[in-house]
Amino acid sequence: MTTDPKHLKRMKAIKEKQDQKIAAADQERGVTILLAGPGKGKSSSSFGMLARSLGHGHKVAVVQFLKGAMSTGEEMFFSQQDNVDWYAMGDGFTWETQNKEQDIASAKRAWAKAEALLADDRYQLVILDEITYMFKFNYLELQPTLDALKNRPEKMNVILTGRGPKQELIDAVDTYSHILDEKHAFKAGVKAQPGIEW
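Each step along the sequence shown adds one to the number in my numbering, with nothing skipped, and position 157 is 159.
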């Protein structure tokens, strides 16, 4: 087996840079991650990290701010797992309920649960699924969430998902991924389906 000298040199340089970055990361604390934008995969990504956490024996909590009116594959699966506390507290999408007062009341109930979880040091991961809509539609004030994120237990990781995040939230988190909608099967007329959309 022969190795291209140029390739070997390039890979060694990349490894050296990566090793330097790893050595420079000296903080040991939980992180806040915001997965937002118009594209598909925000909640799905958070549930992938949930699976990783469970693989490490972590205790996890999920609060869903919109989903709750119908059962989803992720809820059916993860709610059966040890170490997962699952709270689907929404009434469905706002265009389905068409009742602002009901949506606000549901958002406040979900936030009360989320706020308690964010203060509970038994959890290594808390997922606040679709929470950004609550701020976008003015169902919840943002500041209590910013305060809870800042004051959470030191080793707790938090993932927030949804569309249209406020700039203050983007500024407050450690990691922000903007998920784009470059192409989507639904726009081509393919029906949403279990196992992919829910």
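Glycine is no exception: its CB is placed at the ideal position from the N, C-alpha and C atoms.
Rounded to whole angstroms, how far is the Cβ of residue i from the Cβ of residue j, which I believe are closer than 8 Å?
{"i": "Leu171", "j": "Leu144", "result": "6 Å"}
{"i": "Ala109", "j": "Val65", "result": "With a Cβ gap of about 11 Å, Ala109 and Val65 do not count as contacting."}
Are residue i and residue j closer than 8 Å when you measure CB to CB?
{"i": "Met158", "j": "Gly50", "result": "no"}
{"i": "Lys69", "j": "Gly92", "result": "yes"}
{"i": "Leu119", "j": "Ala63", "result": "yes"}
{"i": "Ser48", "j": "Ile129", "result": "yes"}
{"i": "Lys168", "j": "Phe137", "result": "yes"}
{"i": "Ala164", "j": "Lys44", "result": "It should be noted that the sequence gives Gly, not Ala, for residue 164. Yes, these two residues count as a Cβ contact at 8 Å."}
{"i": "Gln83", "j": "Leu56", "result": "yes"}
{"i": "Phe67", "j": "Tyr135", "result": "yes"}
Looking only at C-alpha atoms, which of the options sits nearest to residue i?
{"i": "Leu37", "options": "Gln126, Ala15, Val192, Asp176", "result": "Asp176"}
{"i": "Ile35", "options": "Asp123, Lys185, Ser179, Ala114", "result": "Ser179"}
{"i": "Ile181", "options": "Asp6, Gly41, Met13, Lys14", "result": "Gly41"}
{"i": "Glu132", "options": "Arg124, Tyr141, Gln126, Leu56", "result": "Tyr141"}
{"i": "His58", "options": "Gln126, Tyr89, Ser73", "result": "Gln126"}
{"i": "Glu76", "options": "Leu148, Ser46, Asp122", "result": "Ser46"}
{"i": "Asn85", "options": "Pro155, Thr134, Ala150, His60", "result": "His60"}
{"i": "Glu117", "options": "Pro146, Asp21, Ser55", "result": "Pro146"}
{"i": "Asn101", "options": "Pro196, Phe139, Met78, Tyr89", "result": "Phe139"}
{"i": "Lys152", "options": "Gly166, Gln22, Asp173, Thr134", "result": "Asp173"}
{"i": "Asp122", "options": "Ala25, Arg154, Glu184", "result": "Arg154"}
{"i": "Glu184", "options": "Ala25, Gly39, Glu18, Asp28", "result": "Gly39"}
{"i": "Arg124", "options": "Asp87, Asp149, Met13", "result": "Asp87"}
Where does the unbroken beta strand (DSSP E) through residue i begin, and where does it stop?
{"i": "Asn153", "result": "Premise fails: Asn153 lies in the alpha helix (DSSP H), 145 to 153, not in any beta strand (DSSP E)."}
{"i": "Ser179", "result": "177 to 180"}
{"i": "Ile198", "result": "Taken as a continuous stretch (DSSP letters only), Ile198 belongs to no beta strand (DSSP E), as it is neither H nor E."}
{"i": "Gly164", "result": "159 to 164"}
For the alpha helix (DSSP H) containing residue i, name the first residue and the last one.
{"i": "Lys112", "result": "Note that residue 112 is Ala in the sequence shown, not Lys. That run of the alpha helix (DSSP H) goes 102 to 120."}
{"i": "Leu68", "result": "Unbroken run through Leu68: none, as it is neither H nor E."}
{"i": "Phe139", "result": "Looking at the DSSP string, Phe139 is not in any alpha helix (DSSP H), and its letter there is neither H nor E."}
{"i": "Lys8", "result": "7 to 26"}
{"i": "Arg54", "result": "44 to 57"}
{"i": "Val169", "result": "Per the sequence shown, the amino acid found at residue 169 is Gln instead of Val. Run containing Gln169: 169 to 174, per the alpha helix (DSSP H) assignment."}
{"i": "Asp80", "result": "Here residue 80 is Phe; the residue named in the question, Asp, does not match the sequence. Looking at the DSSP string, the run of the alpha helix (DSSP H) that includes Phe80 is 75 to 80."}
Return the bridge partner residues of residue i from the DSSP annotation.
{"i": "Val86", "result": "Val62"}
{"i": "Ala38", "result": "Gly164, His180"}
{"i": "Asp131", "result": "Gln66"}
Compare the C-beta of residue i against all C-beta atoms of chain B and say whether one is closer than 8 Å.
{"i": "Ala53", "result": "No chain B is part of this structure, which consists of one protein chain only."}
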